[in-house]
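Below: the structure, in structure tokens.
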Amino acid sequence: MLVLVVNAGSSSLKYQLIDMSNEQAVAKGIAERIGTDEAQLKHETTGKEKITRKGVMPDHQAAMKYVFEALTDADFGAISDVSEITAIGHRVVHGGEHFSGSVAINAEVTKVISDLSQLAPLHNPPNLMGIDAAVKLVPDAPQIAVFDTAFHQSIPSHAYIYALPYELYSEHGIRRYGFHGTSHKYVAARARKMLDARGLPSGCIVTCHIGNGVSFTAVKDGKSVDTSMGLTPVEGLVMGTRCGDLDPAIMPFLQKQFGYTAEDVDNLINKKSGLQGITGLGNDMRDIEDAAAAGNERALLALRIFCYRQRKYIGAFAAAMGGLDAIVFTAGIGEHSPLVREMTCEGLEFLGVKLNQEVNAECHTERDISTDDSRVRVLVVPTNEELAIARETARVVSGAAE
Ligand code: ADP
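Numbering (our numbering), first residue to last: 3 to 404.
Rendered as structure tokens:
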């Protein structure tokens with residue numbers, strides 16, 4: 003079974019063709035700068051030469067045509083005909099309260115995703131363009147929507163309702179939804195398997211997705227019961243360019259004192275804050291670690307703020323779940339930064355967390371990085387959102403239950 007995973011952004015379209023018999027990608031690539039004169043497709047079929055092709059891609063449908071041409075190219079492709087693709091799985095950012103799991107796409111589903119654009123104006127419209135293009139070009143393949151928010155639909159109301167007038171929730175849907183759900187679900191399931199195989203408790207897990215975007219989730223008995231991101235991905239932890247939690251009154255203060263517009267504020271909290279804002283050096287954790295090691299005070303401060311906030315959330319989620327069996331690190335920084343993992347776990351000994359410094363220092367793959375006598379296990383579990391979407395797609399197509 004071959005599943006094509008599509009992740010359509012505003013000007014890009016990422017894809018992976020995954021062979022479900024061994025869960026390996028047979029081809030992958032990205033169409034980028036869609037809608038500009040510089041549009042191009044980068045494609046790689048496993049075991050073949052990587053190619054980059056300039057293209058005329060005024061929209062996602064044109065870009066998708068290039069994707070299918072590359073996939074079926076006699077020299078660089080992976081298949082001889084698109085009919086070999088069993089199903090197409092689409093990453094959709096916002097499923098609101100309508101979708102607590104993945105669904106087969108039909109006109110009704112498309113309409114709900116479109117209506118939810120109000121909550122995710124930057125994400126759902128391009129996701130829909132990807133769906134539309136794939137449906138038009140491969141009408142016979144089942145198309146499945148896999149939502150970033152779905153895993154978090156199990157969060158109870160006392161954790162998702164904001165202390166604002168209730169009508170803002172009941173009439174306008176303003177509540178915590180959470181994101182990165184596909185990643186949290188995938189690494190939590192993997193961590194539970196690892197712990198169960200060793201006869202260790204796995205009921206209370208905090209999954210820490212630390213990439214450019216950062217979100218933590220409290221996973222109790224396999225279900226999301228709280229998560230750090232909110233109505234939008236800005237809430238919670240410090241991120242590459244997003245601020246995370248703030249005193250909300252800073253916004254009207256900036257508006258009144260300095261004449262910020264709503265757009266200015268949006269830009270500030272999404273693009274100019276976080277690691278970038280504190281250091282002025284950019285949002286790449288490797289650069290910040292290097293600068294801190296070289297004595298840059300603000301880089302060191304940014305690292306401390308970043309990790310301190312993470313430690314606070316782990317403590318809060320342990321309290322929310324009434325226990326803590328494991329902390330799971332994943333995504334670019336979570337998988338590859340021993341320093342961030344160490345600084346985040348520092349001071350959590352009182353909860354039973356003991357990091358194995360030697361193992362942590364060299365770990366970049368799936369591994370238990372806590373000491374033998376650590377009551378709380380600390381795991382690194384690489385995330386694989388494409389594979390998670392492909393698995394969901396295969397499951398929905400086969401009609402199997404979760
Ligand atoms: P995205 O959220 O865009 O998918 P990733 O999960 O790829 O992001 O994470 C990107 C982040 O991971 C960047 O800040 C990058 O600096 C960081 N990163 C990658 N490798 C390392 C490393 N070896 N040490 C520290 N940070 C790393």
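Just so you know, even glycine gets a beta-carbon here, dropped at the ideal spot from N, CA and C.
Distance cut-off 7 Å: residue i Cβ against heavy atoms of ligand 1
i, result
"Gly242", "yes"
"Glu344", "no"
"His338", "yes"
"Asp286", "yes"
"Gly132", "no"
"Gly213", "yes"
"Glu291", "yes"
"Met294", "Just to set this straight, residue 294 is Ala in the shown sequence, not Met. No; taking the cut-off as 7 Å, the Cβ of Ala294 has no heavy atom of ligand 1 nearer than that."
"Ile335", "yes"
Cβ neighbours of residue i in the same chain (closer than 6 Å, five flanking residues each side left out)
i, result
"Ser104", "Ile146, Val148, Glu394, Val398"
"Arg192", "Val383"
"Gln18", "Val7, Ala27, Lys30, Glu388"
"Ile271", "Val236, Cys245"
For residue i, the residue or residues it bridges with in DSSP
i, result
"Ala29", "Leu19, Thr47"
"Leu6", "Leu19, Ile90"
"Ser226", "Val221"
"Ile146", "Gly91, Ala106"
"Leu357", "Ser372"
Sequence-distant residues of the same chain with beta carbon closer than 7 Å to residue i, five excluded per side
i, result
"Gly284", "Gln278"
"Lys356", "Ser372, Thr373, Asp375, Ser376"
"Glu368", "Val382, Val383, Pro384"
"Ala80", "Leu19, Val28, Ala29, Thr47, Leu73"
Endpoints, the alpha helix (DSSP H) within which residue i is located
i, result
"His186", "183-199"
"His62", "62-73"
"Thr373", "Counting along the chain, Thr373 falls outside any alpha helix (DSSP H), and DSSP gives it neither H nor E."
"Ile307", "299-323"
"Ala293", "287-295"
"Thr112", "109-117"
"Phe260", "252-260"
"Thr332", "Not the alpha helix (DSSP H): Thr332 falls in the beta strand (DSSP E), residues 328-332."
"Cys347", "340-347"
"Lys274", "Counting along the chain, Lys274 falls outside any alpha helix (DSSP H), and DSSP gives it neither H nor E."
Residue range of the unbroken beta strand (DSSP E) whose run includes residue i
i, result
"His211", "206-212"
"Gly91", "89-94"
"Ser102", "Note, Ser102: premise wrong, no beta strand (DSSP E); not H, not E."
"Ile53", "53-56"
"Arg157", "Checking the displayed sequence, the identity of residue 157 turns out to be Ile instead of Arg. Per DSSP, Ile157 belongs to no beta strand (DSSP E) and is neither H nor E."
8 Å CB neighbourhood of residue i in its chain, flanking five on each side removed
i, result
"Pro254", "none"
"Ser217", "Gly180, Phe181, His182, His186, His211, Thr229, Ser230, Met231, Pro235, Gly238, Leu239"
"Tyr68", "Ala33, Leu43, Arg55, Gly57, Met59"
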